[in-house]
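Here's the structure, in structure tokens; my notes come after.
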Amino acid sequence: MKMSLRGFFLEIPLYFWLEKAYNRLKGGSRMKMIDVTNSHYDLVTKQLECSDASIVKVYTLGPTTVFYSAAPTHKNIIVINKNRPVRAKEIDFAIAKLFQQNNRDNVEILEAHNFVELELRL
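Numbering (the numbering used here) for the sequence shown: 605 to 726.
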């Protein structure tokens, strides 16, 4: 079967649309957590000096900022979005990526308008 150039270019957007729809149905997440710790040098060094944390990382999920700290007795995540309330899928994504858990069991959650604090006791 021979396809014209026009038919080829009409099929490409359909393929990408179908792939996107399939990924949504199977629960695939398109969120990406980007490490921006180097951009927050002062905050990280102050946190390491003033707390029992041994690891402090800063990530971004688009307009949402995620602060992660780990100490020998607990792990903390703070999720902040200055423009809108933090979404449940952002909270679940942060728990899955940083706490390596798929549910909110054993995680203490404190929610405010644009701010969520998550704590996992070890």
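All residues carry an ideal CB built from backbone N, CA and C; glycine is no exception.
State the CB to CB distance for the pair residue i and residue j, rounded to an integer number of angstroms; the pair is presumed to be in contact (CB under 8 Å).
i	j	result
valine 683	valine 670	5 Å
Would you kindly report the start and end of the unbroken alpha helix (DSSP H) that includes residue i?
i	result
phenylalanine 703	Here phenylalanine 703 belongs to no alpha helix (DSSP H), and DSSP marks it neither H nor E.
Let me check understanding here. Comparing Cα to Cα, which of the options lies closest to residue i?
i	options	result
asparagine 680	Lys650, Glu653 and Leu714	Leu714
glutamine 651	Lys636, Gly666 and Ala675	Ala675
alanine 698	Leu724, Asn642 and Thr677	Leu724
alanine 716	Val648, Cys654, Tyr645 and Asn685	Asn685
With 16 as the cutoff for other CB atoms within 10 Å, does residue i come out buried or exposed?
i	result
threonine 668	buried
aspartate 656	exposed
leucine 609	Bear in mind that the predicted position of leucine 609 carries a pLDDT of just 49, short of 50, making it unreliable; the figure below should be weighed with that in mind. So leucine 609 counts as exposed.
leucine 722	buried
If I follow the unbroken beta strand (DSSP E) through residue i, where does it start and stop?
i	result
leucine 726	Note, leucine 726: premise wrong, no beta strand (DSSP E); not H, not E.
threonine 664	659-665
lysine 679	678-684
For residue i, would you say it is in contact with chain B, using Cβ-to-Cβ distances shorter than 8 Å as the test?
i	result
proline 667	Absent from the structure: chain B. Only one protein chain is present.
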